[in-house]
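Trainee:
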Amino acid sequence: MTPRTSRRAAILLTVSTALIGLINPVSAYPKGKTIHVTEGNSIQNAIASAKGGDKIVVEKGTYHEQLTISSDGISLVGHDATIVPPDSPVTNACSGLAGDNKQAGICVAGSGILFNTTFDGEHHKVISVGDYVKDVSVEGFSVQGFTGINIAVVGAKDASIRHNTMSDGAQYGALTVGSKDSHINHNTVNAAGGPLNPFHFIGICMDDTSTVTITYNDISGYFIGLCVQTSGAIIHDNSVHDCCIGAFVDPGIDGAKLHDNVITNTPPECGFGWGIRVQGATKTSLKGNNISGIVGTPANPGVGISVADDVGDPTSTGDIASGNTAEQNTLKNNDIDIELTSTGKGNVFKNNDCTVSTPANICPNN
2 MTPRTSRRAA
12 ILLTVSTALI
22 GLINPVSAYP
32 KGKTIHVTEG
42 NSIQNAIASA
52 KGGDKIVVEK
62 GTYHEQLTIS
72 SDGISLVGHD
82 ATIVPPDSPV
92 TNACSGLAGD
102 NKQAGICVAG
112 SGILFNTTFD
122 GEHHKVISVG
132 DYVKDVSVEG
142 FSVQGFTGIN
152 IAVVGAKDAS
162 IRHNTMSDGA
172 QYGALTVGSK
182 DSHINHNTVN
192 AAGGPLNPFH
202 FIGICMDDTS
212 TVTITYNDIS
222 GYFIGLCVQT
232 SGAIIHDNSV
242 HDCCIGAFVD
252 PGIDGAKLHD
262 NVITNTPPEC
272 GFGWGIRVQG
282 ATKTSLKGNN
292 ISGIVGTPAN
302 PGVGISVADD
312 VGDPTSTGDI
322 ASGNTAEQNT
332 LKNNDIDIEL
342 TSTGKGNVFK
352 NNDCTVSTPA
362 NICPNN
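Everything in the sequence shown is counted per the numbering used here, starting at 2 for the first residue and increasing by one.
#1: Taking the alpha-carbon of residue 100 as reference, which of 75, 183, 150 and 318 has the nearest alpha-carbon?
#2: Residue 76 to residue 82, Cα distance in whole Å?
#3: According to DSSP, is residue 45 helix, strand or coil?
#4: Return the bridge partner residues of residue 106 from the DSSP annotation.
#5: Identify, in the order they occur along the chain, each residue of the same chain with its Cβ nearer than 6 Å to the Cβ of residue 303, setting aside the five sequence neighbours on each side.
#6: Would the beta-carbon of residue 232 fall within 8 Å of that of residue 255?
#7: My guess is that residue 147 and residue 170 are in contact by the Cβ rule of under 8 Å, so how many angstroms apart are they, rounded?
#8: Does DSSP put residue 60 in a helix, in a strand, or in coil?
#9: Quick test of your reading: residue 285 and residue 263, contact by CB under 8 Å. State the CB separation rounded to the nearest angstrom.
#10: Tell me, to the nearest whole angstrom, how far the beta carbon of residue 158 is from that of residue 180; I am working on the premise that it is less than 8 Å.
#11: Just verifying my parser: in three-state terms, what is the DSSP assignment at residue 206?
#12: With a cut-off of 8 Å on the beta carbons, I'd call residue 104 and residue 67 a contact; round off their distance for me.
#13: For my contact list, residue 349 and residue 308 are in at a C-beta cut-off of 8 Å; report their separation, rounded to the angstrom.
#14: With the cut-off set at 8 Å, would you say residue 155 and residue 206 are in Cβ contact?
#15: Would you give the residue range spanned by the beta strand (DSSP E) that residue 96 belongs to?
#16: Take residue 320 and list the residues in its own chain whose beta-carbon comes closer than 6 Å to its own, dropping the five residues that flank it on each side.
#17: At what residues does the beta strand (DSSP E) containing residue 145 begin and finish?
Here it is as structure tokens:
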């Protein structure tokens with residue numbers, strides 16, 4: 002190959018690669034058909050018959066089903082459709098994910114998924130995925146009352162969960178785990194009776210292997226509104242209210258971004274409260290959040306933003322919180338607006354609108 006043709010080949014390869022990056026995942030599938038499901042018929046049967054690029058439209062009604070989507074490029078759209086548990090549970094890839102005998106309402110799952118064997122009280126971790134299910138979207142459903150998770154995304158890539166209402170999922174409203182580039186946007190996640198009566202654990206949790214985007218969701222009535230277990234997670238413009246903990250950034254998580262969220266009102270039954278808790282995480286960016294009404298008791302006061310190390314009990318990891326930044330946040334009517342107890346270096350607080358802090362020199366309005 003001459004130098005000129007070699008250069009030409011290199012240019013063509015560069016252009017081709019750039020064009021591939023511009024392709025919308027949906028357009029990667031042939032124009033599919035639309036499958037309609039009406040009340041009294043099986044959504045799962047429609048999913049089983051669908052191919053990449055197909056849209057399944059589920060009409061108004063109540064459907065006693067557990068759904069599994071494991072084929073690429075499927076769009077599942079609800080038109081005032083409600084999913085509730087069937088009389089007899091269905092075993093699928095999400096069964097037991099959130100504990101023994103715990104089931105999921107909608108399960109988006111790849112194949113060849115290997116889970117860890119130890120259950121830590123939250124969910125089983127994904128060790129590896131054989132084949133990711135790609136480009137699945139779920140929108141427009143009301144999913145209610147599943148014992149484990151209302152909507153679960155496991156071993157998926159570019160999954161989109163949007164414009165759904167998830168109510169009274171006992172362990173999780175929504176969970177994405179072992180997945181890549183998940184998007185959970187514009188959903189309502191709530192629990193009747195609040196976080197403790199009965200116990201509702203986590204509204205939305207992300208435990209993925211690459212960036213996850215959680216935006217414009219309304220979350221209420223859970224013990225933890227947002228559980229952040231993905232490094233580089235992008236979490237913005239969510240409303241979290243009436244939860245014991247608004248957002249919890251787990252030990253060892255690096256570079257999560259929580260921007261422009263509104264977190265308000267700790268229920269009295271919690272007996273404590275955190276708006277955002279960064280525990281043993283690093284390089285977290287907290288910016289432009291509005292946090293108010295985080296209250297507890299004299300012994301356990303509520304804290305708007307808390308940065309702490311993960312130390313002090315037998316299950317602690319020993320991870321030190323370092324390099325975290327909280328800036329341009331507005332904190333009002335909390336017992337304590339900002340609390341820093343970490344021994345780590347580089348935790349920075351600047352240009353926050355707050356009054357009460359520990360130590361006392363963090364807030365400009367002290």
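Glycine included, C-beta positions come from ideal geometry on N, C-alpha and C. Bear in mind the structure is a predicted one, so any value in this text is a computation, not a measurement.
Mentor: With the structure as the only source:
#1: Taking the sequence shown and counting its residues from 1, one reaches residue 100 at position 99. Nearest of 75, 183, 150 and 318 to residue 100, Cα basis: 150.
#2: Your numbering for residue 76 matches position 75 in the sequence shown. Your numbering for residue 82 matches position 81 in the sequence shown. Distance from the CA atom of residue 76 to the CA atom of residue 82, rounded to whole angstroms, is 15 Å.
#3: Reading the sequence shown from its first residue, position 44 is the one you call residue 45. Residue 45 falls in the helix class under three-state DSSP.
#4: On the sequence shown, position 105 is the one that residue 106 refers to. None, per the DSSP bridge assignment.
#5: Indexing the sequence shown from 1 puts residue 303 at position 302. These residues qualify, in order along the chain: 267, 274, 295, 296, 297, 335 and 336.
#6: The residue given as residue 232 occupies position 231 in the sequence shown. The residue given as residue 255 occupies position 254 in the sequence shown. Yes; because the gap between Cβ atoms is below 8 Å, this pair is in contact.
#7: Mapped onto the sequence shown, residue 147 falls at position 146. Mapped onto the sequence shown, residue 170 falls at position 169. Contact flag correct, Cβ pair sits at about 5 Å.
#8: Position 59 of the sequence shown, counted from the start, is the residue given in the question as residue 60. DSSP places residue 60 in coil when its eight states are reduced to three.
#9: Counted from its first residue, the sequence shown places residue 285 at position 284. Counted from its first residue, the sequence shown places residue 263 at position 262. With a Cβ gap of about 18 Å, residue 285 and residue 263 do not count as contacting.
#10: As a first step, residue 158 is located in the sequence shown; it is residue number 157 there, counting from the start. As a first step, residue 180 is located in the sequence shown; it is residue number 179 there, counting from the start. About 7 Å; that satisfies the 8 Å criterion.
#11: The residue given as residue 206 occupies position 205 in the sequence shown. Note: residue 206 maps to strand in three-state DSSP.
#12: Within the sequence shown, residue 104 is the residue found at index 103, counting from 1. Within the sequence shown, residue 67 is the residue found at index 66, counting from 1. The beta-carbon separation of residue 104 and residue 67, rounded to 6 Å, stays under the 8 Å limit for a contact.
#13: Start at 1 with the first residue of the sequence shown, and residue 349 comes out as number 348. Start at 1 with the first residue of the sequence shown, and residue 308 comes out as number 307. Contact between residue 349 and residue 308 does not hold, since their C-beta atoms are separated by about 10 Å, which reaches or exceeds 8 Å.
#14: Residue 155 sits at position 154 when you count from the first residue of the sequence shown. Residue 206 sits at position 205 when you count from the first residue of the sequence shown. Taking 8 Å as the Cβ cut-off, residue 155 and residue 206 do not qualify as a contacting pair.
#15: Translated into the one-based positions of the sequence shown, residue 96 becomes position 95. DSSP places residue 96 in no beta strand (DSSP E); its state is neither H nor E.
#16: The count along the sequence shown starts at 1 and reaches residue 320 at position 319. Excluding sequence neighbours, residue 320 sits near 252, 253, 281 and 311.
#17: By one-based count along the sequence shown, residue 145 stands at place 144. 138–145 is the extent of the beta strand (DSSP E) around residue 145.
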